[in-house]
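Q:
In this note's numbering, the protein residues as written are 14 to 192.
1) Can you give me the C-alpha to C-alpha distance between residue 179 and residue 86, rounded to a whole angstrom?
2) Where in the region 91-124 do unbroken runs of the alpha helix (DSSP H), each at least 4 residues long, occur, reported from the N-terminal end onward?
3) Using C-beta distances below 8 Å, list every residue in its chain close to residue 74, excluding the 5 sequence neighbours before and after it, in chain order.
4) Under DSSP, the beta strand (DSSP E) around residue 43 begins and ends at which residues?
5) Quick one: what's got a C-beta closer than 6 Å to residue 148's C-beta in the same chain, skipping five residues either side?
6) Would you call the region 146-160 in contact with the region 103-113, where contact means no fewer than 3 C-beta pairs closer than 8 Å?
7) Between which residues of its own chain and residue 131 is the CB-CB distance below 7 Å, once the five residues before and five after are set aside?
8) State the start and end residues of the unbroken alpha helix (DSSP H) segment that holds residue 178.
9) Along the beta strand (DSSP E) that carries residue 79, what are the first and last residues, could you check?
Here it is in structure tokens:
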């Protein structure tokens, strides 16, 4: 687990986020589990980049077996039974607002899998969804955008490397926030 390489440029992206915590929050929404994500971030020295991980809780039991539980229950027909990324994202945003946190002026949603489509439905007009080129999410978003009455509001910016995601993030940091 600790030797799994990051996609090209992703370590640089997370290092940038870590260095700019006053301006950027990083929330990981993953269908993996807490043990694997913690191992990967820890091995890369990038835990400080991530503010919150929304994933399936896991632990090793007394026999050394990894036990993984589902993140939450939900009724979304599009998502696996253990995690609806839209519901997880919406709950996180609601908790943040209830805790006195301000609304984000812009959300960047970076993903590649089919289960990353659902959360794009809660993104707003000034938000950005970044599907990885050549992966399932890019194809699903392309089909969604081709529909005459596409519900997608966020701008779609495909990426191949973390360097492209970082460039998009930097460009938006220079733009004025929406009201």
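Just so you know, even glycine gets a beta-carbon here, dropped at the ideal spot from N, CA and C.
A: In brief:
1) For residue 179 and residue 86, the distance between alpha carbons rounds to 33 Å.
2) Runs of the alpha helix (DSSP H) inside the region 91-124: 98-111.
3) Around residue 74: 80.
4) Element bounds for residue 43: 40-46.
5) Contacts found: 125.
6) Between the region 146-160 and the region 103-113 there are fewer than three C-beta pairs closer than 8 Å, too few to call the two in contact.
7) Once the five neighbours on either side are set aside, the close Cβ partners of residue 131 are 89, 91, 92, 97, 98, 99.
8) Segment 175-187, the alpha helix (DSSP H) holding residue 178.
9) Note, residue 79: beta strand (DSSP E), 79-81.
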